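The C-terminal position of the sequence shown is numbered 2154 in my numbering, with every residue numbered one higher than the one before it.
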Amino acid sequence: MISKPRQQKLLRWIALFLIGTFLQLLFYIPTPVLSQNSSSCSNITAPLTPEEQTYARAAWQYFVKNYQPATGFTNSTGGYPSGTLWDMGNYLMALNAARWLNLTDQADFDSRLNKFLTTLNSLKLFEDTLPNKVYNAANAQMVDYGNNPLERGLGWSALDVGRILAAFDVIRTCHPQYNDWLKGIVAKWQVGRSLKDGQLFGATVLPDNTTLLVQEGRLGYEEYGARGYQLWGFSAPKAITFEPFKLVEINGVQIPVDTRDFQSTNANNYVVSESYILDGIEFGLQGELADFAARVLDVQKRRYDTTGQLTAVTEDNIDQAPYFLYNTVYANGANWATITDANQPYPQFRSISTKAAFGWRYLFPDNAYAQKVFDAVKDLRSPDDSGYYAGIYEESKQPNKALTGNTNGLILEILYYKAKGNHPLIASSSVTVSTGKPSENASPATASNQPDSTVTTPTANQPNSPVTTPTPTPADTSKPTEVAVAPIPPVDSPNSSSNLKLDRPLSVIERRYAEAAWRYFQANYHSKSGLIDDRSDFKGATLWGLGDYLAALHAARSLDIITPKEFDQRTRHLLAALTKLPLFGGELPSRGYDTRSLQSVDYGGNPVPEGNGWSALDLGRILAALYNLKTCHPEYTAAVDKIVLDWSYLRVVREGILSSATTTKEEDGRSHTRVNPETRLGYEEYAARAFQLWGFNVDGSAVGGEYQTASVAGVKVPIQRRRTDTKSKNQYTVSNPFLLYALEFGLDPQMRSLFEPIFQAQAERYHRTGTLTASATTLIDRKPYTVHSTITGRGESWVALSDDGQTVPKGRLVSTAVAFAYHALLPENKYSQELLQGTTDLYNPLVGFYEGFYEATGKTAVGFTSSTNSMILQSLLYKVMNGQPLIRPATSMKSPWWQEITKGDSGRGLPNTAKQRAKLISDSTGSYWLSGSENTKLVRDTKITK
């Protein structure tokens, strides 16, 4: 038995040993090593010819002349001391090739590689996670693309990480004594941060200095990058597959094209040569990849056969502005496009790429066309022995004199591949072979930080989400067929703008916000169906969401954010899609639809061919938007009325109240429909006012009557209407519906008595606690997906609830949309000004405004929805309309809708008389819509302090 003192001493020694070991791993400092030859890498079975040796020596001279001895890095372009991880990967591949082709000796190789790895290991990382996108090659400082020092950095590129991981694997295979050093570098990097949901994610810094993760890679480069990750044990199964892609016929060849194009994702889906060449020389062309590569070469040959223009296209630096271009077979819907990263066309600078010509020549050594295009560039060396030029301009026939590490590094790598007997540089058994089938229904993916729907699926952003969220049906694994909807025929006389009279134009800052909000509707638009997703991570829409979209369309056109042509095209497309939606029971639109197939779906996205009921609240939202469309743009009146006359209102309006239908399935498999009154506080009142615009008697659901209150922050806040027609109760009070009502219909006395205490309670909480409060229903990118940050809910104040009524700890959000709306409605109020200041820059310039930020942490709540971005656009429109309600009164009662009502006995539950049951009036408090029956008891004793 060990005595206690000896035992304690032993434990101390063990602890010190473990701490030392940990510190050694944590602060791993590699020591320089000397290479030992690897027989597989040195096995040159097809030595270079004298002419090929000339090519290799010329390419290596680029790296000799652009070497930075202080860091061991090389310049990405001639004389310019800057470089990315992709450029560093090029250099490592070139250095390895130079060694085995005897362009440099062992001592020089070791000296260069030791210095390179020493600097690489000490690089400052972006957010201590991964290397910055670009560094100064001379001093290893983080810089921007103009080589200006940046303390924080620009973010990271997952594709560049994949490139250097592939190069690391070649180095550790061919020079195994460097293996531990490389492993230490990779271990230091948080590579896992660049992987999400089986895909590659880069990081970028937004204008507000927040970091956004963005999915990277399109067909070709995405698979190549994922293979680099796989070599080091990092799996990206979605990235390794070809999907989503389709086949596009170009010059008689079916070319594989990624369906995620610039229009839908703000990322280019270019088809170029280099990704296939890299895959071929490093991993070997196998299966479908070999077929794809052959097609990409063949289509370039056919262009030559047709036009006489030698063609070898890929991305390249050029020797004049804009300095970098993608010469493509296809990009973003255009054949043979030459574009910048921002999709700007420069067809006059299309060029024959030197590296592409070299690549095709040695990947397909028996191909006559590959030999022909290679012959055109094989001697395109700079006269001062600085390496190979990037190519030859097609139009001017002059050399593109850009000198780059990319061109010269790839040439060396290709020649080493040839010297090894066309044997891939990386063992094919180390990686997965990409597979996939073309699909016309592959949906575009948004470049944003969003998870795909899996077993637990987010619900749509609308007020009547179910209590429990259905999960997708495992048996249904097929993708929906994307339906192409033809827009309605052009209207007779489309107006160039709406008939709204704006009090002033948007300010410069307001315009930036409006353009950012409209980005959501560009990024989430389905060009075939004409629909918009309710949320960016879910391919589904409700009528509420489509009402949001139509309201956003109107606001964007009124604010001159979109052109009359785009407004007309989108409007006609949406109206056509509304006519194609299958109706539940032949009566009314169902609760949800797949935005690709137009199939009825539940809130989990599972197909329900028979539908799952209807929502009176959603109908109210779309009716309000359609009414305003035909009021402000009367040229669409006939098309709008045709849609709403196709619906039956017999059960949605019953005895003056709004009712919604739900379906339940019994154990015997039979489905039952149940119709119950709506009770959602604020939402019911909003929907009722919309129905009144169309002549329906819904006084029982309209604002008014007695409301039960609860004391919150010393303010009597409404929690539900007192009623005897149903035992259902409102579950929570949030701001959203009251703000939408105020923006569109104005604050009539009854609604004002509800609106004011709701705002006052939130302002009072801020004054007492310092916590910014903008309570709303918002959507996030993780469970529970929908969060109700309530003013009061389930008997508690300021509780965050999920759809199933469960508390969400630390889940409260400050809603961006609510902040914008309160400031539009109460611009002089100090608290609304505080709210706006806290949320105005919460947007991604590519996909719109975020839902908000978490009260507890201040971190951005990642999630993008049509509801938030629509309300922001409407709030900005409200500001420049001098506080007038956004819904404008109709000037004609002779439209098909009113004519059909006049006929009577429609059998569809239309109103009894052809007159609106609400009208727009003005008094000392402002303008608002009012119905004649609103003389009911109000909630009193509340007041807003300005």
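Even for Gly, the Cβ is constructed at its ideal location relative to N, Cα and C.
All of these numbers come straight from a predicted model, not from anything done at the bench.
Note down, in chain order, each residue of its chain lying with its Cβ closer than 6 angstroms to the Cβ of Y1534, except the 5 sequence neighbours on either side. Y1478, E1523, I1547
Take A1529 as the anchor and find which of D1506, Q1916, T1514, P1553 has the nearest alpha-carbon. P1553
Which residue spans inside the region 1552 to 1640 form an unbroken alpha helix (DSSP H) run of at least 4? 1562 to 1571, 1576 to 1585, 1613 to 1627
Which whole-angstrom value is the C-beta distance of G2155 and L1571, which I expect to be below 8 angstroms? No information on residue 2155 is available, as it lies outside the stretch 1209 to 2154 that the chain covers here.
Using CA coordinates, which residue listed in S1248, Q1385, I2109 is at the minimum distance from H1631? S1248
Taking only three categories from DSSP, how would you classify S1250? If DSSP states are grouped into helix, strand and coil, S1250 belongs with the helices.
Mapping DSSP to helix, strand and coil, what is L1497? helix
Just verifying my parser: in three-state terms, what is the DSSP assignment at A1847? helix
May I ask you to list the residues that DSSP assigns as paired with W1364? Looking at the DSSP output, W1364 sits in a beta bridge with A1411.
Which residues in the same chain as G1198 place their Cβ atom closer than 8 angstroms to its Cβ, once the five residues preceding and following it in sequence are excluded? Only positions 1209 to 2154 of the chain appear in this structure, which leaves residue 1198 out of reach.
Once DSSP output is grouped into helix, strand and coil, what is the label at Q1730? Helix at Q1730.
Does the count of Cβ pairs from the region 1880 to 1888 and the region 1926 to 1938 closer than 8 angstroms reach three? Taking a contact to require three or more Cβ pairs closer than 8 angstroms, the region 1880 to 1888 and the region 1926 to 1938 qualify as touching.
Where does A1655 fall in DSSP's three states? Only weak support exists for where A1655 lies, its pLDDT of 30 falling under 50; the coordinates are left without a value.
6 angstroms CB neighbourhood of D1416 in its chain, flanking five on each side removed: D2049
Is L1518 closer than 8 angstroms to V1581 when the C-beta atoms are compared? yes
Which two residues bound the contiguous beta strand (DSSP E) that contains I1999? Element bounds for I1999: n/a, residue is neither H nor E.
Name the one or two DSSP bridge partners that L1309 has. Answer is none; L1309 lacks a bridge partner.
Beta-carbon gap between R2002 and G2019 smaller than 8 angstroms: no
Around the C-beta of Q1385, are 16 or more other C-beta atoms found within 10 angstroms, so that it is buried, or is it exposed? Counting Cβ neighbours within 10 Å, Q1385 comes out exposed, since fewer than 16 surround it.
Does the region 1825 to 1839 come close enough to the region 1743 to 1758 to have 3 or more Cβ pairs within less than 8 angstroms? yes
Is it true that the CB of G1738 sits closer than 8 angstroms to the CB of P1695? yes
Verify whether the separation of the beta carbon atoms of T1282 and G1613 is less than 8 angstroms. yes
When the Cα of T1981 is compared with those of A1921, G1821, P1945, D2131, which residue comes out closest? A1921
If you measure between the beta carbons of S1559 and E1602, is that distance less than 8 angstroms? yes
Are there 16 or more other CB atoms within 10 angstroms of the CB of S1879, so buried, or fewer, so exposed? exposed
Alpha-carbon to alpha-carbon, T1279 and A1395: 21 angstroms
For A1896, does the three-state DSSP call read helix, strand or coil? helix
Suppose contacts are defined by Cβ-Cβ distances below 8 angstroms. Is S1805 in contact with E1690 by that definition? yes
Please classify M2089: does DSSP put it in a helix, a strand, or coil? coil
Whole-number beta carbon distance between L2128 and S2139, since they are thought to touch under 8 angstroms: Between L2128 and S2139 the Cβ distance is about 11 angstroms, and since that is not below 8 angstroms, they are no contact.
Could you give the DSSP three-state label for I1448: helix, strand or coil? helix
Starting from Y1974, trace the alpha helix (DSSP H) both ways and give me its first and last residue. 1957 to 1977
Spatial neighbours of D1527 in its chain, beta-carbon cut-off 7 angstroms, leaving aside the 5 residues before and after: Here D1527 has N1608, K1609, A1610 as same chain residues with Cβ atoms under 7 angstroms from its own Cβ, once five neighbours each way along the sequence are excluded.
Does DSSP classify Q1517 as helix, strand or coil? coil
Our contact map puts Y2058 next to F1967 with C-beta atoms below 8 angstroms; I'd like the distance itself, whole angstroms only. Beta-carbon to beta-carbon, Y2058 and F1967 are separated by about 22 angstroms, too far to satisfy the 8 angstroms threshold.
For W1920, report the span of its beta strand (DSSP E) as first-last. Per the sequence shown, residue 1920 should be read as Val rather than Trp. That run of the beta strand (DSSP E) goes 1915 to 1920.
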